[in-house]
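Participant: Dumping the structure here so I can ask a few things about it.
Protein chains: 2
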Amino acid sequence: MTSRLQDEIKQGKPFSSRATEAMLSILRTAAMLEHATAETLRPFGITPTQHNVLRILRGAGPSGLCGREVGERLVARVPDVPRLLDRMEAMHLVTRERDAADRRHVTARITPKGLQLLDQVTPALERFERSHLAQLDDRMLQDLVDGLAAIREAL
Amino acid sequence: MTSRLQDEIKQGKPFSSRATEAMLSILRTAAMLEHATAETLRPFGITPTQHNVLRILRGAGPSGLCGREVGERLVARVPDVPRLLDRMEAMHLVTRERDAADRRHVTARITPKGLQLLDQVTPALERFERSHLAQLDDRMLQDLVDGLAAIREAL
DNA sequence: TGACATAACATGTTATAACATGTACTGTTC
DNA sequence: GAACAGTACATGTTATAACATGTTATGTCA
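Taken in sequence, the protein lines are chains A and B. For the first sequence, numbering that gives the first Met the number 0 assigns the number 0 to the initial residue and increments by one for each residue that follows. For the second sequence, numbering that gives the first Met the number 0 assigns the number 0 to the initial residue and increments by one for each residue that follows.
Here you go:
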């Protein structure tokens with residue numbers, strides 16, 4: 000008996016353990032989702048990580064967040080948040096201001112242009128979700144979310 | 000009620016849909032697994048992608064595979080297989096030979112050194128799996144694998 | 001208060017990813 | 001069999017990731 004994943008990556012041997020298969024399934028599915036998201040965002044000139052930052056800063060509101068806090072909230076950690084924000088500042092999507100109280104901190108805030116871009120991008124991403132994921136059984140998605148949380152808990 | 004993921008990325012609002020939460024869960028879990036794998040492989044001087052290539056070429060045996068075939072079998076596609084193989088050839092982990100029958104093809108094969116490295120790496124990866132994932136319920140892992148396959152099917 | 005540890009960010013460097021384009025080769029069609 | 005389209009790979013370039021190290025600011029404690 001061959002699994003779906005086995006066929007996809009044309010592997011002859013069955014997986015040595017279910018844990019291995021689960022791990023590769025997660026990595027492969029994530030790579031495909033990431034790729035699809037990147038393609039959806041491409042016309043707007045931003046990457047999935049940058050989109051993530053915009054959502055984080057929109058959530059933070061006018062008070063903004065310092066670089067370290069942005070890094071902590073990212074779905075996938077990146078080393079080098081300063082330069083990530085550099086690039087977004089150059090695109091006028093965020094502003095940065097050195098904090099008066101603690102001059103080590105640099106507070107980043109989303110700009111009106113950033114908010115506007117988020118508004119433009121959201122329908123495209125929702126369209127993607129609706130056409131590809133919404134058809135899936137809600138119970139299955141919940142099990143998936145729970146299972147993944149259990150794995151992260153174990154790491 | 001807040002989900003586990005919501006706490007992890009410190010998001011105030013609940014997710015707009017279960018599909019969104021599932022997607023972010025997958026991406027976050029994959030990022031963590033990828034990071035852990037990269038750390039495990041670091042002492043051996045190879046990346047997860049390079050490890051993937053080695054397993055693919057070991058599976059292919061002495062007849063080897065051309066670059067395109069290697070690319071198709073990768074868990075996460077990379078654009079630029081030639082230079083990925085360049086680097087691995089420089090490390091003496093693979094050899095490349097232009098195919099006599101069809102001179103467009105370049106057949107890549109794993110070297111004894113590559114095989115030896117795989118043998119060294121495998122125990123470390125299995126140790127990681129055993130200590131973090133093996134404790135998880137087998138049924139849950141199976142559901143996870145099935146759910147992820149359903150998502151990939153929908154993409 | 002001055003030495004010290006720590007935090008937050010900046011900067012320099014290297015390697016790799018990502019993208020676009022170019023080249024050699026093969027099979028096909030007229 | 002000459003033009004053509006398609007395949008597989010190579011190469012050049014740019015951007016970003018990854019890593020190490022440096023700098024400035026803050027809090028702590030002798």
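Even for Gly, the Cβ is constructed at its ideal location relative to N, Cα and C.
In the DSSP assignment, find the unbroken beta strand (DSSP E) run with T110(A) in it and report its ends.
Facilitator: Translated into positions along the first sequence, residue 110(A) becomes position 111. Run containing T110(A): none; DSSP gives neither H nor E here.
Participant: For R17(A), count neighbouring C-beta atoms within 10 Å of its own C-beta (all shown protein chains included) and say buried if the count is 16 or more, exposed if not.
Facilitator: Here the question's residue 17(A) lines up with position 18 in the first sequence. Buried.
Participant: Do E128(A) and T28(B) have their CB atoms nearer than 8 Å?
Facilitator: Along the first sequence, read from residue 1 onward, the residue named residue 128(A) stands at position 129. Along the second sequence, read from residue 1 onward, the residue named residue 28(B) stands at position 29. Not closer than 8 Å, so no.
Participant: Any C-beta of chain B sitting closer than 8 Å to the C-beta of E128(A)?
Facilitator: For the purposes of this step, residue 128(A) is taken as residue 129 along the first sequence, with counting starting at 1. Chain B, which has a Cβ nearer than 8 Å to the Cβ of E128(A), makes this yes.
Participant: Is the Cβ-Cβ distance between T121(B) and R108(B) less than 8 Å?
Facilitator: Looking up residue 121(B) in the second sequence gives position 122. Looking up residue 108(B) in the second sequence gives position 109. No, the Cβ-Cβ distance between T121(B) and R108(B) is not below 8 Å.
Participant: Less than 8 Å between the beta carbons of L135(A) and H131(B), yes or no?
Facilitator: Mapped onto the first sequence, residue 135(A) falls at position 136. Mapped onto the second sequence, residue 131(B) falls at position 132. Going by C-beta atoms, L135(A) is not nearer than 8 Å to H131(B).
Participant: Just to confirm, is the Cβ distance from A148(A) to M139(B) under 8 Å?
Facilitator: Within the first sequence, numbered from 1, the residue matching residue 148(A) stands at position 149. Within the second sequence, numbered from 1, the residue matching residue 139(B) stands at position 140. Cβ atoms of A148(A) and M139(B): not closer than 8 Å.
Participant: Can you tell me which of A37(B), M22(B), D142(B) and P81(B) puts its alpha carbon nearest to the alpha carbon of A30(A)?
Facilitator: Working through the first sequence from its first residue, we reach residue 30(A) at position 31. Comparing Cα positions, the closest option is M22(B).
Participant: Compare the Cα-Cα distances from P111(A) to each of R57(A), V77(A), G70(A) and R151(A) and report the closest residue.
Facilitator: Sequence index remark: in the first sequence, residue 111(A) carries index 112 (1-based). Cα-wise, what sits closest to P111(A) is R57(A).
Participant: Would you mind stating whether V74(A) and L83(A) have Cβ atoms separated by less than 8 Å?
Facilitator: To locate residue 74(A), count along the first sequence from 1; it is residue 75. To locate residue 83(A), count along the first sequence from 1; it is residue 84. Cβ atoms of V74(A) and L83(A): not closer than 8 Å.
Participant: If we ignore side chains and look at the alpha-carbon of each, how far apart do M87(B) and V52(B) end up?
Facilitator: Within the second sequence, the letter at position 88 stands for residue 87(B). Within the second sequence, the letter at position 53 stands for residue 52(B). Each residue's alpha carbon lies about 9 Å from the other.
Participant: Is the CB of T19(A) under 8 Å away from at least one CB in chain B?
Facilitator: Working through the first sequence from its first residue, we reach residue 19(A) at position 20. Cβ-Cβ to chain B under 8 Å: yes for T19(A).
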